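Position one of the sequence shown corresponds to residue 10 (the working numbering), numbered consecutively onward. Glycine included, each C-beta is placed from N, C-alpha and C at the ideal position. Please read these numbers as outputs of a predicted model, since none were measured by experiment.
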Amino acid sequence: MLDNETLEVWTHDINVTPGKTYRYRLMVKYYNPFYGREARLDPSQSLLAESIAYASQPTEWSEPIRVSPPQQFFAVSGAADTSISERRATFEVYLFSGGEHWVSKMSARPGEPIGDVKFSTNEDNERVEIDFFTGAVLLDVLPGKKTAGGMSESVQVVVALEDGTIVTLDTEAQQNDPQRERLREAVEKSAKS
Numbered sequence: 010m011l012d013n014e015t016l017e018v019w020t021h022d023i024n025v026t027p028g029k030t031y032r033y034r035l036m037v038k039y040y041n042p043f044y045g046r047e048a049r050l051d052p053s054q055s056l057l058a059e060s061i062a063y064a065s066q067p068t069e070w071s072e073p074i075r076v077s078p079p080q081q082f083f084a085v086s087g088a089a090d091t092s093i094s095e096r097r098a099t100f101e102v103y104l105f106s107g108g109e110h111w112v113s114k115m116s117a118r119p120g121e122p123i124g125d126v127k128f129s130t131n132e133d134n135e136r137v138e139i140d141f142f143t144g145a146v147l148l149d150v151l152p153g154k155k156t157a158g159g160m161s162e163s164v165q166v167v168v169a170l171e172d173g174t175i176v177t178l179d180t181e182a183q184q185n186d187p188q189r190e191r192l193r194e195a196v197e198k199s200a201k202s
């Protein structure tokens, strides 16, 4: 029926939830062009016209696929060895909006929200607002791991997420997070197109 034994098929799951992980397997059903045409077939081929569709064997299950949320942030640096009023953390907030990947680098002090609003221009040269607010709030910035000389290699950034969950983010781990690198590459690719 086909010249190749393999057929490349694309499918989209439009019901995913950001942050969840999924595995997939696929079975392709296709219309039988001989269905209902017994009279046009040689009698020895009449069995070809019995089924309205054919189905492939199910594939093996895919590797787990994590669906990224449309917005993610990373604590990339901070100042912890100062008075509470001088403590601050720097964040990179990544956003996928309008088919484009965006990033905003911003600083916050304890009690301040993480995120900001930036402005850009669209393809029609119109000014558009890009909302990077995450719903999270910086609570504190604490000293992290120390080097042999007693200097901080990283800091611990304490954040209240939008749902009320409190998390501690290590700036060194956040800087080296593979997801951050993937998002940086996506932003660069969006900027080039």
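- Closest in alpha carbon position to Y31, among E181, R75, E194, Y44, is R75.
- A145 sits in coil when the DSSP states are folded into three classes, being neither helix nor strand.
- Per the coordinates, the alpha-carbon of L148 lies some 39 Å from the alpha-carbon of Y33.
- Judged by their CB atoms, E101 and R189 are nearer to each other than the 9 Å cut-off.
- For L192, the enclosing alpha helix (DSSP H) has its first and last residue at 187-201.
- Cβ-Cβ distances below 7 Å link E197 to nothing in the same chain once the five nearest sequence neighbours on each side are left out.
- Under the DSSP definition of a beta bridge, A117 partners with A98.
- At a Cβ-Cβ threshold of 9 Å, I175 and V164 do not count as neighbours.
- Excluding its 5 nearest sequence neighbours in each direction, L192 has C-beta neighbours in its own chain below 6 Å: Y103, listed in chain order.
- Within the same chain, Cβ atoms closer than 7 Å to the Cβ of D140 are found at V126, the five residues on either side in sequence being excluded.
- Between D179 and G153, the C-beta spacing is below 9 Å.
- One thing to note: Y44 has its Cβ no nearer than 9 Å to the Cβ of A64.
- Here DSSP, grouped into helix, strand and coil, assigns R34 to coil.
- T68 is positioned such that its CB atom lies no closer than 9 Å to that of S86.
- 9 Å or more divides the Cβ of V150 from the Cβ of G120.
- Between I123 and F82, the beta carbon gap of about 6 Å places them in contact (Cβ cut-off 8 Å).
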